[in-house]
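J.: Can you read through this structure? Questions will come right after.
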Amino acid sequence: MNNEFSISGTKIIMRRLFKYDIDEIINSYKEYDKLFYNPISKNFLKNVLLYGEIWGAFFNNKLIGCNYFFPLHSDFFKDTDTYSSITDFINEPSQYLYMGYVAMDNEYSKSDSMYKAFLNIVQIQAFRQGYKYILHSMPIKMSENISALFSNDYILIKIRGLDYLVVHYIFVKSIFYENSMYNIDKNEKDIQLCMGNTKAISKLLENGYCAVNIENNPDGDNIIIKKLV
């Protein structure tokens, strides 16, 4: 199945990737080598393909971006530090589809449109497969497209060190709003904090708050935080 998306006047083809694409997929994720730990390997991708899916973005038949997703409670993933760190603060992991890293060529690395295209694919698949939530982890050092998540109704619920303690933003999205356990208290006043103040943000997230948006300011971006019911 192929999907077409127009990104800044460029026609991008989105299609599912398979085992014969693994070398190309690994190459797409080389940018993540700047982290202390990059989980993308042949063995990891083979497991992803066994339990979930990998999708790629193509321009002129060249792979310019990709993303993977699978059930959070997949057997191969349960052995990782990431799984134990995540399930430390969520209930019913079987209700979550886990969306992993998004890789994009440098030319498109700041394209929220392409990031949203991957978000749309994961949401469609989560709906088709009957999941209640999507959980997405984004390394803080690779968070150029954080605004794409907020504009697609994701909320930031934690800041956590995952595998090898690489610090990540942890986002969730409810597929069905009426069944969500992540309901925002609309009577509480918003809190704004500088994005760089991760310690203060993390403290609030650990105590019943979530982040819902960012505001661009000349002195630095602010994150908008709300109370969860």
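Residues in the sequence shown are numbered consecutively from 234, following this note's numbering.
Glycine included, C-beta positions come from ideal geometry on N, C-alpha and C.
1) Count the other CB atoms, across all protein chains shown, that sit within 10 Å of the CB of residue 459; report buried if there are 16 or more and exposed otherwise.
2) Rounded to a whole number of angstroms, what is the C-alpha to C-alpha distance between residue 424 and residue 434?
3) Residue 393: buried (16+ other C-beta within 10 angstroms of its C-beta) or exposed?
4) Roughly how many angstroms lie between the CA atoms of residue 366 and residue 287, to the nearest whole one?
5) How far does the alpha helix (DSSP H) with residue 257 in it extend, from its first residue to its last?
6) Bridge partners for residue 356 per DSSP, in chain order?
7) If you reduce the DSSP assignment to three classes, tell me which class residue 424 lands in.
8) Pull up the distance between the alpha-carbon of residue 307 and that of residue 461, whole angstroms please.
9) For the region 341-408, which segments carrying the beta strand (DSSP E) assignment without a break, of at least 3 residues, lie completely within its bounds, in sequence order?
10) Does residue 281 come out as helix, strand or coil in the three-state DSSP assignment?
11) Please classify residue 441 as buried or exposed, where buried requires at least 16 neighbouring CB atoms within 10 angstroms.
12) Just curious, the alpha helix (DSSP H) that residue 436 is in, first and last residue?
13) Give me the residue from 420, 422, 378, 411 with the minimum Cα distance to residue 404.
14) So, helix, strand or coil for residue 449, using DSSP?
15) Identify which residue in 432, 408, 385, 416 has its Cα closest to the Cα of residue 400.
16) Just to confirm, are residue 281 and residue 251 a CB contact at a threshold of 8 angstroms?
17) Could you tell me if residue 453 is buried or exposed, where buried requires 16 or more neighbouring beta carbons within 10 angstroms of its beta carbon?
18) Our contact map puts residue 353 next to residue 332 with C-beta atoms below 8 angstroms; I'd like the distance itself, whole angstroms only.
19) For residue 272, which of helix, strand or coil comes out of DSSP?
20) Helix, strand or coil for residue 319? Go by DSSP, reduced to three states.
21) Determine the closest residue to residue 360 out of 383, 295, 330, 335, with distance taken between C-alpha atoms.
22) Using 10 angstroms around the beta-carbon of residue 436, count the other beta-carbons present and answer buried if the total reaches 16, otherwise exposed.
23) Can you list, in chain order, the residues of its chain with a C-beta nearer than 8 angstroms to that of residue 418? Leave out the 5 residues immediately preceding and following it.
T.: If we stick to the structure as given:
1) With 16 or more other Cβ atoms from the protein chains shown falling within 10 Å of its own Cβ, residue 459 counts as buried.
2) Approximately 10 angstroms, taken between the alpha carbons.
3) Classification for residue 393: buried.
4) A straight line joining the alpha-carbon of residue 366 with that of residue 287 spans about 18 angstroms.
5) Residue 257 -> alpha helix (DSSP H) spans 255-261.
6) Note: residue 356 sits in no beta bridge, so no partner.
7) Three-state DSSP puts residue 424 in a strand.
8) Whole-angstrom Cα-Cα distance: 28 angstroms.
9) Whole beta strand (DSSP E) segments, 3+ residues: 366-372, 388-394, 400-407.
10) Note: residue 281 maps to helix in three-state DSSP.
11) If you draw a 10 Å sphere on the C-beta of residue 441, you find fewer than 16 other C-beta atoms in it, and that means exposed.
12) For residue 436, the enclosing alpha helix (DSSP H) begins and ends at 431-438.
13) Of the candidates 420, 422, 378, 411, the one whose C-alpha sits nearest the C-alpha of residue 404 is 378.
14) Correct three-state label for residue 449: coil.
15) When each option's Cα is compared against that of residue 400, the closest is 432.
16) Not in contact: residue 281 and residue 251 (Cβ atoms no closer than 8 angstroms).
17) Using a 10 angstroms sphere on the CB of residue 453, the tally of other CB atoms stays under 16, which defines it as exposed.
18) Actually they are not in contact, since the Cβ atoms of residue 353 and residue 332 sit about 11 angstroms apart, beyond 8 angstroms.
19) Correct three-state label for residue 272: coil.
20) If DSSP states are grouped into helix, strand and coil, residue 319 belongs with the helices.
21) When the alpha-carbon of residue 360 is set against those of 383, 295, 330, 335, the nearest one is in 330.
22) Counting Cβ neighbours within 10 Å, residue 436 comes out exposed, since fewer than 16 surround it.
23) Once the five neighbours on either side are set aside, the close Cβ partners of residue 418 are 459, 460, 461, 462.
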